[in-house]
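What the sequence shown shows, in our numbering, is residues 25 to 190, in sequence order.
Using N, Cα and C, we set each Cβ at its ideal position, and we do this for glycine too.
Working notes, beginning with the structure itself.
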Amino acid sequence: MWEDIAREFGLFPGQAKVARMMIKLGLRVSNAKIYCGDIRLSDVAVARAANVDRRVVRAAAETINGNAELMKIFAGLLPVANLSMVAHDMNWGTVEISVDDADQPGILADVSSIISGAGISIRQAIVEDPELNEDPKLYVVTRSEVPAELIPLLKKAKGVRELTLR
Numbered sequence: 025m026w027e028d029i030a031r032e033f034g035l036f037p038g039q040a041k042v043a044r045m046m047i048k049l050g051l052r053v054s055n056a057k058i059y060c061g062d063i064r065l066s067d068v069a070v071a072r073a074a075n076v077d078r079r080v081v082r083a084a085a086e087t088i089n090g091n092a093e094l095m096k097i098f099a100g101l102l103p104v105a106n107l108s109m110v111a112h113d114m115n116w117g118t119v120e121i122s123v124d125d126a127d128q129p130g131i132l133a134d135v136s137s138i139i140s141g142a143g144i145s146i147r148q149a150i151v152e153d154p155e156l157n158e159d160p161k162l163y164v165v166t167r168s169e170v171p172a173e174l175i176p177l178l179k180k181a182k183g184v185r186e187l188t189l190r
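Rendered as structure tokens:
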């Protein structure tokens, strides 16, 4: 996916950098403007976050807006609240998993099966895209803390390299 998108930016690595950040954060484009949900973001704010000049942001938004294939992707992006960092403060649990091979099917299924098999409700599961993250992780936020006795079972789940309970 990412290689196809990056190819559309050709010789403009700054624009590609902006586009990559937009995908990671779920920022969408409408009428050559960048939005987080329904909130219009300034070119300057996006430029600061991407560490590029504001004109690069403007050019990236215009490139996306002028390309039907890119607009199919960027017009539909939505930001997602990753609750894993605040779960503890809400008396929930979080399982953070690093995987051996993010393209291996069944990792989420195995982990969620173990958790639900213990009678624990899952509030949220977020899987980072391996094309956008060097070390993609799986975050599973649970309605209650995950007991330590599940650690050995979770470590044996398909594809799990490392796990952290919070």
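Q) Three or more C-beta pairs closer than 8 Å, one from the region 166–186 and one from the region 128–135: is that the case here? A) yes
Q | Length of the line joining the Cα atoms of E169 and W26 | A | For this step, residue 169 is matched to residue 145 along the sequence shown. For this step, residue 26 is matched to residue 2 along the sequence shown. Whole-angstrom Cα-Cα distance: 35 Å.
Q: For A105, count neighbouring Cβ atoms within 10 angstroms of its own Cβ and tell me buried if that reaches 16, exposed if not.
A: In the sequence shown, counting from the first residue as 1, residue 105 sits at position 81. Counting Cβ neighbours within 10 Å, A105 comes out exposed, since fewer than 16 surround it.
Q) What residues are listed by DSSP as bridge partners for T118? A) Reading the sequence shown from its first residue, position 94 is the one you call residue 118. According to DSSP, T118 bridges with V165.
(Q) Bridge partners for Q128 per DSSP, in chain order? (A) The residue you call residue 128 lines up with position 104 of the sequence shown. BP columns for Q128 are empty, so no partner.
Q) According to the Cβ coordinates, are V70 and M45 closer than 9 Å? A) Here residue 70 refers to the residue found at position 46 of the sequence shown. Here residue 45 refers to the residue found at position 21 of the sequence shown. Yes, Cβ-Cβ distance for V70 and M45 is below 9 Å.
(Q) With a threshold of 6 Å on Cβ separation, who are the neighbours of L65 within its own chain once the five nearest residues in sequence on each side are excluded? (A) Along the sequence shown, read from residue 1 onward, the residue named residue 65 stands at position 41. Result list for L65: I58, in chain order.
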